[in-house]
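Trainee:
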Amino acid sequence: MEKRSHGGNVYEVSKKFKLDLREILDFSANINPLGFPNSVRQIIWEKIDEIVHYPDPGQVELREAAAIYYGVEPENILPGNGSVELINLTLEALRPSKVIIPSPTFTEYAFASRNRRIETELVDMTKNDFCWDYDFIESIKDRICPGALVIVCNPNNPTGYLVVKDVIKPLIEETERAKAFLLLDEAFMDFVGESQSLCAEVVSRSNVIVLRSLTKFFALPGLRIGFAIGNEELIKKIEKLKDPWNVNTFAGAVGSEVLKDKAYIEKTREYISREREFLWDGLRQFSCFTPFRSSANFILVKITAEFGAGFLARELLRRGIAIRECGDFAFLDDSYFRVAVKDRRANEILLEALRQATKEIGLE
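Residue 0 is where the sequence shown starts when you use numbering that gives the first Met the number 0, and the numbers rise one by one after that.
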């Protein structure tokens, strides 16, 4: 079976390197450094007695809150146990003739597709620094056949690259013309803002689904909350395949409230924008690194020296810092790693640890 590797596995790091969880500064998972909204603890406490009951299978309150946030109707939304459940449900519902994935990108797309023995075609995006343009869409037209599913992560993980609406729209038109489907994973779109989201526009399409998540932006990976957004008929088709109670009581209650927290949302966007610029500027001071511009809360870095990300990761773990090696992403190798954007103090600690590590091997 294909190995699944993701950032944020602090338990494995703790066991392997004999570190206390509190000793690990985790840059491998792209979680909001501000932590979850202040209201979360109180919401969970208020709902504690409700766990003797089954959660609402329809998640009515959560759908209504999400509908307001994403600018659609409740019937256009399906809440899920994180985006990964919804990726799998979408593949089950559509049963595409093949899956086309511009890569490198989130590895679960290909894993879920190949696990169902669906023909999976990865498109190399390493040229032109992972950037999209109209020529790229023209170049993949011949690959899009009836029943195919194109999966696009936007902003993309691990590159952080944002494809603007005007470039995505021709791809929507092309998939529709070819009688194919398009899955847009906007898990990191909250860091950009809704101006580049296609949530409100895809509900009139019969072939496009948008995924959204509360994991990264709202710092809730342990609660598992995601949404599929699309045409009512498509959403019903996917919903038929879900488990009856796929969203637990706490997840439903928390999700319904945090989407209304405008102060937290605005603060997060301002904070990440500032700290991302600080970290990117610090990383580009290293002669052995090439950091890529990002629209999300992480930065992809290419090592231009002979040592690889694995060596660097081990050096940093000796200092209690975890980064995400990216050699398991399609078309990337051991010269790439990804770091999350964290708070100023943590970002300064990372940069200093990188200075020490590169100096020890004679590169700084």
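Cβ coordinates follow ideal geometry from the N, Cα and C atoms, glycine included.
Could you tell me which of Phe129, Leu90, Pro103, Cys130 sits nearest to Arg116, measuring between CA atoms?
Mentor: Closest by alpha carbon: Leu90.
Trainee: Taking only the alpha-carbon atoms, compute the straight-line gap between Phe336 and Asp25 and give it to the nearest angstrom.
Mentor: The alpha-carbon atoms of Phe336 and Asp25 are separated by roughly 13 Å.
Trainee: Using the Cβ count rule (16 or more neighbours within 10 Å means buried), how would you classify Pro243?
Mentor: Answer is exposed; the Cβ neighbour count stays below 16.
Trainee: Looking at C-alpha atoms only, which residue of Thr357, Glu347, Asp342 is the closest neighbour of Leu33?
Mentor: Cα-wise, what sits closest to Leu33 is Asp342.
Trainee: Quick one: what does DSSP say Tyr335 is sitting in, helix, strand or coil?
Mentor: It is a strand residue.
Trainee: Which residues in the same chain as Glu274 place their Cβ atom closer than 8 Å to its Cβ, once the five residues preceding and following it in sequence are excluded?
Mentor: The residues are Pro32, Val340, Lys341, Asp342, Arg343, Asn346.
Trainee: From Ala227 to Ile86, what does the alpha carbon distance come to, in whole angstroms?
Mentor: If I take the Cα positions, the gap works out to 9 Å.
Trainee: By Cβ distance below 7 Å, which residues in the same chain neighbour Phe35 in space, the five residues on each side in sequence not counted?
Mentor: The answer, listed in chain order, is Phe217, Ala218, Leu219.
Trainee: Could you check the C-alpha separation between Ile136 and Asp327 for me, to the nearest Å?
Mentor: Ile136 and Asp327: Cα-Cα distance of roughly 25 Å.
Trainee: Using a Cβ-Cβ cutoff of less than 7 Å, which residues in the same chain neighbour Ile360 once the five nearest sequence positions on both sides are dropped?
Mentor: Around Ile360: Phe306.
Trainee: For Pro78, report the span of its beta strand (DSSP E) as first-last.
Mentor: Element bounds for Pro78: 76-79.
Trainee: Can you tell me the Cα-Cα spacing of Thr104 and Ser38, whole angstroms?
Mentor: Straight-line Cα distance between these residues: approximately 33 Å.
Trainee: Measure how close the beta-carbons of Gly81 and Thr214 come, nearest whole angstrom, since I'm counting them as under 8 Å.
Mentor: Right, their Cβ atoms sit about 6 Å apart.
Trainee: Determine, using beta carbons only, whether Ile271 and Val246 come nearer to each other than 8 Å.
Mentor: No, these two residues do not count as a Cβ contact at 8 Å.
Trainee: State the beta-bridge partners of Val191 as determined by DSSP.
Mentor: For Val191, which the question treats as bridged, DSSP gives no partner whatsoever.
Trainee: Take Met0 and list the residues in its own chain whose beta-carbon comes closer than 8 Å to its own, dropping the five residues that flank it on each side.
Mentor: Per-residue confidence for Met0 stands at a pLDDT of 39, beneath the threshold of 50, marking its modelled position as unreliable; no derived number is given.
Trainee: Have a look at Leu183, Ile143, Lys97, Pro95 and flag the residue whose alpha-carbon is nearest the alpha-carbon of Asn153.
Mentor: Minimum Cα distance to Asn153 is reached at Leu183.
Trainee: Can you list, in chain order, the residues of its chain with a C-beta nearer than 7 Å to that of Lys236? Leave out the 5 residues immediately preceding and following it.
Mentor: The answer, listed in chain order, is Ala92.
Trainee: Would you grab the beta carbon distance between Glu173 and Ile143 for me? Rounded to a whole angstrom, and I think it's under 8 Å.
Mentor: Confirmed, Cβ separation roughly 6 Å.
Trainee: Please check the pair Gly251 and Asp55, which I expect to be a contact at CB under 8 Å, by giving their CB distance rounded to whole angstroms.
Mentor: The Cβ separation is near 6 Å, so the contact holds.
Trainee: Since Ala227 is in the beta strand (DSSP E), which residue starts that stretch and which ends it?
Mentor: Note, Ala227: beta strand (DSSP E), 225-229.
Trainee: Cβ atoms of Pro95 and Leu181: under 8 Å apart, would you say?
Mentor: No; because the gap between Cβ atoms is not below 8 Å, this pair is not in contact.
Trainee: Can you check DSSP and say which residues form a bridge with Ser212?
Mentor: In the DSSP output, where bridge partners are listed per residue, Ser212 has Gly225.
Trainee: Which class does Asp134 belong to by DSSP, given the choice of helix, strand or coil?
Mentor: In the structure shown, Asp134 sits in a helix (DSSP, three-state: H, G or I).
Trainee: Secondary structure at Cys198, three-state DSSP: helix, strand or coil?
Mentor: Residue state, collapsed to three classes: helix.
Trainee: Identify the residues that DSSP records as bridge partners of Phe297: which are they?
Mentor: Ala339, per the DSSP bridge assignment.
Trainee: Measuring alpha carbon to alpha carbon, tell me which residue in Val98, Glu256, Glu175, Thr289 is nearest Glu364.
Mentor: The chain is shown from 0 up to 363; residue 364 falls before or after that span and cannot be answered.
Trainee: What distance in whole Å lies between the Cβ atoms of Val253 and Leu282, which are believed to be in contact at a cut-off of 8 Å?
Mentor: 34 Å between Cβ atoms; not a contact.
Trainee: Based on the DSSP secondary-structure assignment, which residues constitute the bridge partners of Glu324?
Mentor: Beta-bridge pairing links Glu324 to Phe336.
Trainee: Give the single residue among Leu331, Arg354, Leu349 whose Cα lies nearest to the Cα of Met124.
Mentor: Taking only the C-alpha atoms, the option nearest Met124 is Leu331.
Trainee: Here's a check: name, in chain order, each residue in its chain whose Cβ is nearer than 6 Å to the Cβ of Lys358, leaving out the five neighbours to either side.
Mentor: If we look at Lys358 and ignore the five residues flanking it on each side, it has no Cβ neighbours.
Trainee: Where are the beta strand (DSSP E) runs, 3 residues long or more, that stay fully inside the segment 233-314, in chain order?
Mentor: Fully enclosed beta strand (DSSP E) runs of 3 or longer: 288-290, 297-302.
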